[in-house]
Amino acid sequence: MESLPVPSVQAMVAATGGADVPSRYLRPEAAADAVAVAGEDQIPIIDYQRLLLDHGEESARLHRVCQDWGFFQLINHSVPDDVVEGMKANIQQFFQFPAEVKKQFTQERGQLEGYGQLFVVSEDQKLDWADMLYLYTQPPEDRNLRFWPDQPANFKSTLDKYSAAVKDIADTLLATMAQSLGLEPKVISDTCVGGIQSVRMNYYPPCAQANKVVGFSPHSDSDLLTLVLQVNHVQGLQIKRNGSWFPVKPLEGAFVVNVGDILEIFTNGRYRSIEHRAVINPNEERLSVAAFHSPHIHAMIGPLKEIVVHEDEAYKRVDHEDFMKLFFSAKLEGKSFLDRMKLKSS
């Protein structure tokens, strides 16, 4: 991994929500784009138990959603309530700790893991109004426990259970998607045997000038599938749809799931990764946790040969390690990274 600049402590730790916003966080473009009005259609809902019971109707619905939306809410999933609630409690407690406690887990130069911010590639770059804790969670042998907090006391054991349970869901969803695409169920999920799961825990403090900052810059995820858990009641996730930002209203106990760039590439564009962002509440903090699921590090990223038997490939081929280096070495700018993966003729 190329050496990446590490933000200063002032830049790395989000401000406290005062009236004055440091210039490095001011984003005049934040309020420029149209936002869909409240009351419009919600993102689709998929019932996990119906998928497990092999309801063809639910599988077909999932297929259409991945083509048309790239985002859905997953209800009736298999992660135990106590694991979900324990994860929420641990994240809330961690971000409430004093700065000197959290800074024990600060990212090191050239590393992605730890407490701070991602995609900071220059010292004068505008920053997101957020703090995060980013960890590699699967496979277990790839964990760097130096960045896993020892407070709260059960943080490590809870994250271990949560990450395993969420990966099982991702594998099942990928197998169902493969079948809907006319492929063998394991064609996609087999690339996740020994695959990479990372978890990003997000803290978005309130900001009196919320319309002048961005919680998370517009982007599409680099992975196969992302599962997001809303930690508290404050909303903030928005997806780009029909030229406007579409607010997502998370259902209690559901995961918000989205297609990533690698899945779009694997399916040669049949399934679409969607640009999304996080906005800030002027009065209340927001917390969420995103689990990213990617193939193993030696996988080749490109259209699946079973998909492009009778059509031209629309995307380049690159090994996964180089793919990830390219993704994390650039700042987030919508779907610009995926656009660079497209072949000129596509």
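With the first letter of the sequence shown counted as 1, position 172 gets the number 1344 in the numbering used here; the numbers rise by one all the way through. The beta carbon of each residue, even a glycine, is placed where N, CA and C say it ideally should be. Small disclaimer: the values here were computed from a predicted structure and weren't measured.
When DSSP states are grouped into helix, strand and coil, serine 1394 belongs to the coil group.
Taking a cut-off of 8 Å for Cβ pairs, the stretch 1235-1250 and the stretch 1416-1423 touch, as three or more such pairs fall below it. About 7 Å separates the CB atoms of phenylalanine 1269 and glutamine 1323; that is less than 8 Å, so the two are in contact.
DSSP links phenylalanine 1464 through a beta bridge to Ser1370 and Thr1398. The Cβ atoms of aspartate 1343 and serine 1361 sit closer than 7 Å to each other. In this structure serine 1460 is buried. Its beta-carbon is surrounded by 16 or more other beta-carbon atoms within 10 angstroms. Contact annotation, glutamine 1410 with arginine 1372: C-beta distance approximately 17 Å; criterion of less than 8 Å not satisfied. The straight-line gap separating the alpha-carbon atoms of valine 1480 and asparagine 1440 is approximately 7 Å. Pairing glycine 1415 with valine 1451 gives a Cβ-Cβ distance that is not under 7 Å.
Around the C-beta of methionine 1304, 16 or more other C-beta atoms lie within 10 Å, and the residue is accordingly described as buried.
Nearest Cα to methionine 1472 within the set Glu1483, Lys1328 and Leu1435: Leu1435. DSSP places glutamine 1297 in the coil class of the three-state scheme, outside both helix and strand.
Take asparagine 1455, set aside five residues on each side of it, and the residues of its chain with a beta-carbon closer than 6 Å to its own are Pro1378, in chain order.
In this structure, the CA atom of glutamate 1493 is about 36 Å from the CA atom of valine 1207. The criterion of a C-beta distance shorter than 7 Å is not satisfied by alanine 1462 and valine 1406. With respect to the C-alpha of alanine 1203, the residue from Lys1260, Leu1234, Gly1387 and Gly1354 having the closest C-alpha is Gly1387.
Secondary structure of valine 1386 (DSSP, three-state): coil. In its chain, beyond the 5 residues on either side, no residue has a beta carbon closer than 6 Å to the beta carbon of glutamate 1483.
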